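Those sequence lines, one after another, are chains F and X.
So the first sequence is numbered by our numbering: it starts at 1 and just counts up by one.
So the second sequence is numbered by our numbering: it starts at 1 and just counts up by one.
In this text, a Cβ means the ideal position worked out from N, Cα and C, and glycines have one as well.
Predicted, not measured: the structure shown is a model, and the values here were computed from it.
See below for the structure under consideration.
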Amino acid sequence: MSEVRFHGRGGQGVVTTSKILANAFARTGQFGASFPMFGFERRGAPVTAFGRFSDKPVKEKTQIYNPNILVVLDPSQKNSPAVFDGLVPGGMLLINDKKNKGDIRHENLRKLAMVDANGIAMEEIGLPIPNTVVVGAFAKMSGLLDIDPVLEALADYFSGKKLDANRVCAKRGFEEVTTVDL
Amino acid sequence: MNTTAISSNIQVITGNAAAAIAAKLARPDVVAAYPITPQTEVIEQISSFHASGDMDCELITVEGENSAMNAVMAASLAGGRVFTASSSWGLVFMYDAVLATAGARAPVVMVNVNRETPGIIAVSSGQQDMISTRDAGWIFLIAENCQEIMDLVLQSYRLAEDYDIQLPVMVHYDGFFLSYLSEGVEIPAQETVDQFLSVLESQPKRTMLRPGEKLGVGTHGILGGYMELRHKHVTAMERSKAKFDAIDQEFADIFSRSYGGQLEEYLTEDADMVLVGSGSMCGTIKSVIDEQREKGIRIGLVKIRMYRPFPHQALVKALKGKKAIGVVDRSLAFGFDGGPIYTELKAFETKLGGAKLVSFIDGIANTDITKTNVKQMIQMTADLADGKDVPEVTWVSYPKANKDKGEK
Numbered sequence: 001m002s003e004v005r006f007h008g009r010g011g012q013g014v015v016t017t018s019k020i021l022a023n024a025f026a027r028t029g030q031f032g033a034s035f036p037m038f039g040f041e042r043r044g045a046p047v048t049a050f051g052r053f054s055d056k057p058v059k060e061k062t063q064i065y066n067p068n069i070l071v072v073l074d075p076s077q078k079n080s081p082a083v084f085d086g087l088v089p090g091g092m093l094l095i096n097d098k099k100n101k102g103d104i105r106h107e108n109l110r111k112l113a114m115v116d117a118n119g120i121a122m123e124e125i126g127l128p129i130p131n132t133v134v135v136g137a138f139a140k141m142s143g144l145l146d147i148d149p150v151l152e153a154l155a156d157y158f159s160g161k162k163l164d165a166n167r168v169c170a171k172r173g174f175e176e177v178t179t180v181d182l
Numbered sequence: 001m002n003t004t005a006i007s008s009n010i011q012v013i014t015g016n017a018a019a020a021i022a023a024k025l026a027r028p029d030v031v032a033a034y035p036i037t038p039q040t041e042v043i044e045q046i047s048s049f050h051a052s053g054d055m056d057c058e059l060i061t062v063e064g065e066n067s068a069m070n071a072v073m074a075a076s077l078a079g080g081r082v083f084t085a086s087s088s089w090g091l092v093f094m095y096d097a098v099l100a101t102a103g104a105r106a107p108v109v110m111v112n113v114n115r116e117t118p119g120i121i122a123v124s125s126g127q128q129d130m131i132s133t134r135d136a137g138w139i140f141l142i143a144e145n146c147q148e149i150m151d152l153v154l155q156s157y158r159l160a161e162d163y164d165i166q167l168p169v170m171v172h173y174d175g176f177f178l179s180y181l182s183e184g185v186e187i188p189a190q191e192t193v194d195q196f197l198s199v200l201e202s203q204p205k206r207t208m209l210r211p212g213e214k215l216g217v218g219t220h221g222i223l224g225g226y227m228e229l230r231h232k233h234v235t236a237m238e239r240s241k242a243k244f245d246a247i248d249q250e251f252a253d254i255f256s257r258s259y260g261g262q263l264e265e266y267l268t269e270d271a272d273m274v275l276v277g278s279g280s281m282c283g284t285i286k287s288v289i290d291e292q293r294e295k296g297i298r299i300g301l302v303k304i305r306m307y308r309p310f311p312h313q314a315l316v317k318a319l320k321g322k323k324a325i326g327v328v329d330r331s332l333a334f335g336f337d338g339g340p341i342y343t344e345l346k347a348f349e350t351k352l353g354g355a356k357l358v359s360f361i362d363g364i365a366n367t368d369i370t371k372t373n374v375k376q377m378i379q380m381t382a383d384l385a386d387g388k389d390v391p392e393v394t395w396v397s398y399p400k401a402n403k404d405k406g407e408k
C-alpha cells in the first residue's frame with residue numbers, strides 16, 4: 001500500500017488531487033481512499049490531504065503519519081518540517097516547481113520529481129490551478145498508474161471544454177515531469 | 001499492476017454522497033433538511049438531484065432542523081416515504097421532534113453524521129450526539145465505511161417501514177472520517193433497489209392520516225393506554241433485532257454483500273481477546289488485527305452495527321468465554337468508570353463466562369484513533385487476559401487523564 005500525503009493551499013485543488021487519484025486507482029481494479037485533514041477550508045490557507053492506494057481494499061480510516069510519497073502543490077512549503085514529518089526511508093517527493101534548485105533535502109528522501117504545474121496550468125486553462133497537472137505527474141513518477149485511468153477519472157470532475165483542457169494538463173504532467181534519484 | 005476492469009457501477013465518492021445516492025435510490029416522497037457541517041454535502045447532493053429532475057420528491061428547504069423533523073414526521077404519518085439528515089447541534093435542535101417521531105411510530109429514515117456536542121462549539125468528530133439521543137426510541141445503526149453507509153440507508157427503509165416494526169431509523173456515520181472520505185462504492189441499479197424494497201408493498205398498509213378522516217396522532221394518553229403504547233414500543237424495538245439480521249441476509253442474496261446483521265464479527269472465532277468498537281474505527285482496528293494475527297496474536301473485533309436496541313443477546317453470544325474484552329468508546333458517560341458502550345456491556349458481565357472487561361476512551365474531540373493507539377489497546381487487553389493489573393478505563397490519546405487516579 002502506498003500512503004501519500006498532499007500539501008498545498010486552499011484554491012489549488014489539493015483535496016481534488018487526492019480524490020482524482022483514488023478514482024483512477026479504482027479504475028484499474030485497485031483500491032483508493034482519500035480524505036482531507038480536518039480544518040476550516042478557505043482559499044490561501046495551508047491544506048493537507050491523504051491518499052491510500054493499494055491492490056487490496058483499504059481498511060484504515062486514520063490520517064497518514066508515515067507517508068512514503070509526498071506531493072507538494074505549493075512550492076513555498078517545500079522545506080517545511082510539516083511536509084517531511086514522518087516520511088519513511090526511501091521516500092519520494094513530487095513538487096510543483098520549475099526546476100531543481102538543489103535545495104530540497106531530507107535524510108529519508110530518495111527520489112525527487114518536479115513538474116512546472118502552475119506554468120502548464122496557465123498555458124492550458126489560464127488559471128494557476130496545478131492539480132490536474134500534478135495527478136498526471138504523480139502517475140508517472142510513482143510508477144503506480146498509467147495515464148489512461150487518470151484521463152478517464154477526470155470525467156467525474158470536469159465536463160466539456162474544461163475536461164479537454166484538464167486532460168491536456170494531466171497528459172503534459174505525465175510527459176514533462178522530471179525525476180532525480182538522491 | 002492489477003489491470004482487471006472494474007464494474008462500471010463503482011464510483012469513488014464520499015460517505016455523504018453515498019448517503020445522498022442511497023436516499024435517491026429509495027425514492028422518498030418527501031425530503032426536508034437543513035445543512036450543518038459535516039452533513040452539508042448530503043443536502044447539496046440531494047438538492048442537485050432534485051434540481052436536475054433525477055429525484056422526484058418534495059424537497060422542503062426548511063429554516064431549521066426542528067422544522068425538518070416535524071415535516072418528515074408529518075409526511076411519514078400521511079403515508080409518505082421520507083428522508084432527512086443532520087448532525088450534532090442540528091440533531092439537538094430537532095430533539096423534541098425526534099422524540100415525538102419515535103412516539104408516533106413514524107417510520108422516518110435519516111442519517112446523522114456524528115459530531116461532538118460539548119459546550120466548546122468545536123467542529124469535531126465523536127459519537128456524543130448519538131449517545132446523548134440513544135434512548136429517544138429510534139433504531140440506531142452505525143456504518144464503518146462509505147459502502148456500508150449506502151447499504152445501511154437502503155436496509156433502513158426495509159426495517160423502518162416493515163409492518164411488524166414501524167419505527168424510525170437513524171444511520172450514524174463518523175463526521176470527517178467518513179463524511180469526507182472518498183472511496184469506491186458500488187452503486188446498485190435502481191431496479192435492484194426497487195426489487196429489494198418491493199417487499200414492503202406486499203405488506204398490510206400502515207395506519208395513515210388522511211384529510212377528512214377522523215383519526216388522531218400524538219393525542220393525550222395517560223395510565224393504561226399510554227403504558228400499552230410504551231410497552232409496544234419496547235417490544236417492537238426488540239423484534240427489530242431479528243428483523244435486521246433477516247434483512248441483512250436478504251440484502252446479501254440480492255446485492256452480494258453481507259455484514260452480519262446486529263454485529264459484524266472479525267476473526268473472533270478462535271480469539272482469546274476481542275475489541276468491541278463501532279463506526280470508522282473498526283476499519284483501522286481490522287488493519288491492526290491483520291498485522292497482529294501475522295505475529296500469532298489471537299485478537300478479534302466485534303463491530304456494533306445496531307446500537308439501539310442494544311444487541312446484548314448477540315454480544316453475549318459473540319463474547320462468551322473470551323479471556324479479555326476491550327471496549328472502545330468515542331463518547332463519554334458521566335458518573336461511570338468507562339465509556340457508554342462499555343458501561344452497557346458491563347451490565348451483562350455475569351453472562352460472559354468470566355471474560356474480563358476494560359474500557360478505552362479515544363477519538364473524541366476530533367482525535368484520531370491511530371494504529372498506534374489500537375496497538376496499545378490490544379496490548380492492554382492482552383495484559384488483562386494474562387492477569388496483569390490494567391486500569392479499568394484508559395483515555396488512550398490523553399495520558400494525563402490516566403495519572404489522575406485521585407478523583408475516583
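Taken atom to atom, the span from the alpha-carbon of residue 140/X to that of residue 49/F is near 31 Å.
In this structure residue 157/F touches residue 16/F by the C-beta definition: roughly 6 Å separates them, less than 8 Å. When DSSP states are grouped into helix, strand and coil, residue 2/F belongs to the strand group.
By the criterion of a C-beta distance shorter than 6 Å, residue 172/F is surrounded in its chain by 120, once the five residues flanking it on both sides are discounted. A contact between stretches requires three or more CB pairs, one per stretch, nearer than 8 Å, and the stretch 96 to 115 of chain X fails this requirement with the stretch 166 to 180 of chain F. Judged by their CB atoms, residue 39/X and residue 85/X are nearer to each other than the 8 Å cut-off. DSSP places residue 11/X within a strand segment (E or B) once states are collapsed to three. Annotation for residue 57/F: 31 place their beta carbon closer than 6 Å to its own, counting only its chain and skipping 5 residues before and after. Check the Cα spacing between residue 366/X and each of 355/X, 330/X and 73/X: the tightest is with 330/X. For residue 129/F, the CB contacts under 6 Å within the same chain, skipping 5 residues up- and downstream, are 13 and 121 in chain order. Going by beta carbons, residue 98/X and residue 143/X fall outside the 8 Å limit. The stretch 145 to 161 of chain X and the stretch 311 to 323 of chain X do not touch, with fewer than 3 CB-CB distances between them shorter than 8 Å. Against chain F, the CB of residue 54/X has no partner CB under 8 Å away; the residue lies outside that interface. Residues of chain F with a Cβ closer than 8 Å to the Cβ of residue 368/X are, in chain order, 62 and 63. Judged by beta-carbon spacing, residue 153/X lies within the 8 Å limit of residue 19/X, meaning their Cβ atoms are closer than that value. At least one C-beta of chain F is nearer than 8 Å to the C-beta of residue 12/X.
The Cβ atoms of residue 31/X and residue 22/X do not sit closer than 8 Å to each other.
Residue 208/X and residue 102/X have their C-alpha atoms roughly 15 Å apart. If you look at residue 14/F, you'll find it in the alpha helix (DSSP H) that goes 14 to 27. Per DSSP, the beta-bridge partners of residue 276/X are 302/X and 327/X. Counting along the chain, no beta strand (DSSP E) covers residue 28/X, and no H or E run does either. Taking 9 Å as the upper bound on Cβ-Cβ separation, chain F lies near residues 180, 181, 182, 183 and 184 of the stretch 180 to 203 of chain X. Going by DSSP, residue 346/X is part of the alpha helix (DSSP H) stretching over 340 to 346.
Look at the stretch 11 to 40 of chain F: the residues with a C-beta under 7 Å from a C-beta of chain X are 19, 22, 23, 26, 27, 28, 29, 30, 31, 32, 33, 34, 35, 36 and 38.
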